[in-house]
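Letter 249 of the sequence shown, counting from 1, is numbered 1182 in the working numbering, and no numbers are missing.
Beta carbons: idealized from backbone N, C-alpha and C, even for Gly.
Being a predicted model, the structure only gives us computed values, none of them experimental.
Note sheet for the following structure.
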Amino acid sequence: MITEFLSYGFVQRGLLAGSLVAAACALLGVFLVLKRLSLIGDGMSHVCLTGVAAALLTAMNPVYVSIPVVMISSLGIMKLARKFRIYGDAAIGIVSAAGLSVGLLLTALAGGFNTDLLGYLFGSILTVTCTEVMLCVVLLLGVLAGLFIFYRELVVTCFDEPFACTRGVPAEWLNAGLVMITSVAVVLAFKVVGIFLISALIIIPPVSALLVSRTFKQVLWRAVLFGVGSVWGGVYASFVFNIPSGATIIFINLLFLCGSYVYSKLGDGNAR
């Protein structure tokens, strides 16, 4: 069964793209969770609907349309929070509501929900193209390069941003860069789990890893392990039982989270 499962080209592309995106989302999610910016993924995912609907309305590629739309929106969230002194979660809520409402209006203009749009809403990992796989490779390489170059600065800003600023760390620029690359990850992830479930792929693996890790580096690699493992388990389960892959991936993430919580209570693994 497993050999047959792995013999299909579309499965291989789906697993590769899903693994790359899950790894990138897990690494980014660790910093977003610790910075209390995890809900920004939820806000960006709603804005994705605007990009996808606009792409379908204009017969363009949803990925290429959504990336600039989501990146601009993410900067809008930071601008609202900083310039107008709106709390971060309120700014996320405003941009999220705006993105969702505009997306629904464009969807209506495009003729309502169709098969293509539903695939983006709920995930369609087995329809990933070779071009999208290459974009996922570039995304993960970008995330790893950023971690390699700015690892120390990112860690310091996670735990004491005011102190980091006094030491000359450009925290504002780091946050902007983190949010921008998260925007790209969110767009590439909507083929994997769907627009409505993207935030779970960013939040759940890091939280699971935080429950069972003692060091920061353990949190990073265990978050990646949970994220990639959920993709492989979810895609295989969806293939065997003929169930939606996106929802199955997130369900397996929830199982990992439950297992991590039980282990943190019964064992001695605790990152905090």
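For my contact list, residue 1026 and residue 1119 are in at a C-beta cut-off of 8 Å; report their separation, rounded to the angstrom. The pair is not a contact, with the Cβ atoms about 17 Å apart (cut-off 8 Å).
With 16 other CB atoms within 10 Å as the buried threshold, where does residue 1128 fall? buried
Extent of the continuous alpha helix (DSSP H) run through residue 994: Neither: residue 994 is in no alpha helix (DSSP H) and is coded neither H nor E.
Look at the Cβ atom of residue 898, then the Cβ atom of residue 1117, and state whether they are nearer than 8 Å. Lying before the first or after the last residue shown, residue 898 is absent from the chain, which here runs from 934 to 1205.
Helix, strand or coil: which one does DSSP assign to residue 1057? coil
Skipping 5 residues on each side, what residues in its chain have a beta carbon closer than 8 Å to that of residue 1100? 1089
Specify, as a first and last residue, the run of the alpha helix (DSSP H) that residue 948 falls within. 942–967
Helix, strand or coil for residue 1120 per DSSP? helix
Which value, in whole angstroms, describes the spacing of the CA atoms of residue 1193 and residue 1143? 9 Å
Using the Cα positions of residue 1081 and residue 1106, report the straight-line distance between them to the nearest angstrom. 16 Å
Per-residue DSSP class, three states only, for residue 1115: helix
Around the Cβ of residue 1200, are there at least 16 other Cβ atoms within 10 angstroms (buried) or fewer (exposed)? exposed
How many whole angstroms separate the CB atoms of residue 963 and residue 1152, which I take to be in contact at a CB cut-off of 8 Å? 6 Å
With DSSP collapsed to three states, give me the class of residue 1139. helix
Please go through the same chain and pick out, in chain order, the residues whose beta-carbon is closer than 7 Å to the beta-carbon of residue 1083, but skip the five residues on each side of it. 1107
According to DSSP, simplified to helix, strand and coil, what is residue 972? coil
Could you check the C-alpha separation between residue 1042 and residue 1008 for me, to the nearest Å? 27 Å
DSSP three-state assignment for residue 1095, whether helix, strand or coil: helix
Buried or exposed: where does residue 1053 fall if 16 or more other Cβ atoms within 10 Å of its Cβ makes it buried? buried
Please classify residue 1122: is it buried, with 16 or more other beta-carbons within 10 angstroms of its beta-carbon, or exposed? buried
Supposed close pair residue 1164, residue 955 - CB separation, criterion 8 Å: 5 Å
So, for residue 1149: in the same chain, excluding its five sequence neighbours on each side, which residues have a beta-carbon less than 7 Å away from its beta-carbon? 1088
Cutoff 8 Å: residue 1150 Cβ touching any chain C Cβ: Given the protein chain composition of this structure (a single chain), no chain C is represented.
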